[in-house]
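In my numbering, the protein residues as written are 275 to 593.
C-beta: ideal position from N, C-alpha, C; glycine also.
Have a look at this one:
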């Protein structure tokens, strides 16, 4: 029996729809999900896209596994032929949450020796007989949390994560400003990267349970389409959205030098995916060009028409 009475904890609304993925394995990060699969499956080699975050390679090296990179083409498809042996696995990323259909093709072609990295595609439903993982932190205001979909079992005791200290950056952003909380945010990220495989914290699960997932999806889609309607003519990249797609960002690909800095100067914060890529793939690669010129514009549920129009006008006025 849980405690009854006394002082209140953080009060969150109750979502009658419940958790989106109640049958998944709840872990603390996408990195932990990836390591879980590598340990449980015992793969000898991993095929990794050049265009990915360096934490993926860190997990491979940590577990003493061989690896090889592969290129993607301008459609974000696997470039060339990748031959995956029985004791090897290919990792494919559902980029920006917009590659659902192609990810399904990859899963079909390489199954069972494939892992779908859905850290940018939280809403994409898991594939049957395919190892898939996502992360809560790229879609919601939580300091840990990820879901793993797999039929394999890692026979170890996994401690539970505690996220109170890492919540400070999220709370300070709300109470003060993004600029004042930025350094603290990176400290929290470092803490999460070094704590190892843990289960999702109770705090994060409580927050996740309170989210209206349909409302969040609708807000993101409205924002995405508003940006696309205004910017598609100058965007050098185009995506076809399937009926169940919920994007993480609006990828705006433009070779206008200085646009990223212009956006940041105007308090539109766009990440760089990813600083490690140029070193891995080489400066003349398509992946390095993406790192330099692809701008992931925010479209998340915190914002509406006013913020989208501000982004649009800031870009148009720079042209």
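Residues that DSSP places opposite residue i in a beta bridge
i           : result
residue 341 : 320
residue 569 : 526
residue 505 : Answer is none; residue 505 lacks a bridge partner.
residue 367 : 391
residue 434 : 473
residue 584 : According to DSSP, residue 584 bridges with nothing at all.
residue 466 : DSSP output for residue 466 lists no bridge partner at all.
residue 346 : 352
residue 299 : 422
residue 405 : 389
residue 362 : 319
Residue i, buried or exposed, once every other Cβ within 10 Å from all chains shown has been counted against 16
i           : result
residue 308 : buried
residue 435 : buried
residue 411 : buried
residue 287 : exposed
residue 450 : exposed
residue 472 : buried
residue 385 : exposed
residue 545 : exposed
residue 590 : exposed
residue 478 : buried
residue 430 : exposed
residue 399 : exposed
residue 564 : buried
residue 396 : buried
residue 592 : exposed
residue 572 : buried
Residue of the options minimising C-alpha distance to residue i
i           : options               : result
residue 458 : 471, 295 and 440      : 440
residue 301 : 361, 365 and 406      : 406
residue 468 : 315, 333, 408 and 285 : 333
residue 402 : 426, 420, 581 and 412 : 426
residue 388 : 371, 411, 397 and 358 : 358
residue 566 : 583, 384, 286 and 531 : 531
residue 422 : 584, 438 and 299      : 299
residue 569 : 339, 336 and 511      : 511
residue 391 : 306, 453, 573 and 431 : 306
residue 476 : 420, 548 and 341      : 420
residue 502 : 536, 526 and 493      : 526
residue 490 : 297, 578 and 360      : 578
residue 522 : 364, 529, 535 and 496 : 496
residue 292 : 338, 488, 345 and 311 : 488
residue 339 : 460, 355, 356 and 362 : 362
residue 574 : 500, 348, 438 and 424 : 500
residue 296 : 584, 335 and 474      : 474
residue 583 : 553, 464, 528 and 498 : 498
residue 383 : 409, 352 and 408      : 352
Expected contact under 8 Å - CB spacing of residue i and residue j to nearest Å
i           : j           : result
residue 367 : residue 404 : Actually they are not in contact, since the Cβ atoms of residue 367 and residue 404 sit about 14 Å apart, beyond 8 Å.
residue 343 : residue 322 : 6 Å
residue 371 : residue 520 : 6 Å
residue 380 : residue 330 : Wrong, their Cβ atoms sit about 16 Å apart, outside the cutoff.
residue 393 : residue 304 : 4 Å
Test: residue i CB closer than 9 Å to a CB of chain C
i           : result
residue 531 : No chain C is part of this structure, which consists of one protein chain only.
Near the ligand FMN: residue i beta-carbon under 8 Å from a heavy atom
i           : result
residue 509 : The ligand FMN is not part of the structure shown, which contains no ligands of any sort.
Open item on the list: With three or more C-beta pairs closer than 8 Å as the rule, is the stretch 413–428 touching the stretch 470–482?
Closed with: Enough Cβ pairs lie closer than 8 Å, so yes.
Open item on the list: Across the stretch 526–540 and the stretch 311–320, are there enough close Cβ pairs to call them in contact, namely three or more that are closer than 8 Å?
Closed with: With the cut-off at 8 Å, the stretch 526–540 and the stretch 311–320 do not touch.
TODO: For the stretch 549–568 and the stretch 490–508, state whether three or more C-beta atom pairs, one from each stretch, are separated by less than 8 Å.
DONE: At 8 Å Cβ cutoff, the stretches do not touch.
TODO: State whether the stretch 369–386 contacts the stretch 511–530, with contact taken as three or more CB pairs (one from each stretch) at a distance under 8 Å.
DONE: Output reads yes: the stretch 511–530 touches the stretch 369–386.
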